[in-house]
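Inspection log for the structure reproduced underneath, given as structure tokens.
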Amino acid sequence: AGDLANEVTRLSGVVSATATAAPADTVLELSLALAQQRNPGDLARAVALLEPISKSSAPELAPWQPLARLLLGRVVEQRRLEDQLTREATQRREQQRSLQQLSEKLEALKAIERSMTARPPGANASPAAAASAPPKAP
Numbered sequence: 008a009g010d011l012a013n014e015v016t017r018l019s020g021v022v023s024a025t026a027t028a029a030p031a032d033t034v035l036e037l038s039l040a041l042a043q044q045r046n047p048g049d050l051a052r053a054v055a056l057l058e059p060i061s062k063s064s065a066p067e068l069a070p071w072q073p074l075a076r077l078l079l080g081r082v083v084e085q086r087r088l089e090d091q092l093t094r095e096a097t098q099r100r101e102q103q104r105s106l107q108q109l110s111e112k113l114e115a116l117k118a119i120e121r122s123m124t125a126r127p128p129g130a131n132a133s134p135a136a137a138a139s140a141p142p143k144a145p
């Protein structure tokens, strides 16, 4: 991981130093290295580096365009899948939270039910009804 980060730093220096005239092979290499990292924004940066090469009409970039298009497709798909994974992880957390709340409500209802069935028979009768009942014969 450290080697990859060092390589990205080195290639970024070459690409930024030469600005728009960066060698296509270096730009492709940097894009590939960025696609291997898991840092936020790296995939977007790789797309931004690959699109100009893949869409260029410059004859000197023609040999690099098939590879640039291949990498661009891979990076765009990887970005889509990572976004989908993030959305699904968020949904899973929300579902777990909802499930936990429902479990707590169910346990509360069970506790109420247990407290109602645990009362002795006749405990449900009101005190007034117990007072008006005829006394039991010994």
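Adding 7 to a residue's 1-based position in the sequence shown gives its number in this note's numbering.
Glycine included, each C-beta is placed from N, C-alpha and C at the ideal position.
Problem - Counted within 10 angstroms of its Cβ, other Cβ atoms place SER150 as buried (16 or more) or exposed - result: As shown, the chain starts at 8 and ends at 145. That puts residue 150 outside it, with no answer to give.
Exercise for the section: Decide if the stretch 98 to 108 is in contact with the stretch 55 to 75; the criterion is three or more beta carbon pairs, one per stretch, under 8 Å apart. Expected result: no
Exercise for the section: Report yes if the CB atom of LEU74 is closer than 7 Å to the CB atom of LEU35, and no otherwise. Expected result: yes
Practice task
Find the nearest neighbour of LEU50 within the set ALA65, GLY20, ARG94 and GLN85, judged by alpha-carbon distance.
Solution key: GLN85
Practice task
For LEU11, I'd like the list of residues in its chain whose CB is within less than 7 Å of its CB, leaving aside the five on either flank, ordered along the chain.
Solution key: ALA40, GLN43 and GLN44
Exercise for the section: Go ahead and pull the three-state DSSP assignment for PRO47. Expected result: coil
Exercise for the section: Give a yes or no on whether the C-beta atoms belonging to VAL82 and ALA55 are separated by under 7 Å. Expected result: no
Problem - Contact check, VAL21 vs THR33, beta carbons under 7 Å - result: yes
Exercise for the section: Could you give the DSSP three-state label for ALA65: helix, strand or coil? Expected result: coil
Practice task
Tell whether a beta-carbon distance below 7 Å holds between LEU92 and ALA31.
Solution key: no
Problem - Alpha-carbon to alpha-carbon, ALA29 and SER23 - result: 8 Å
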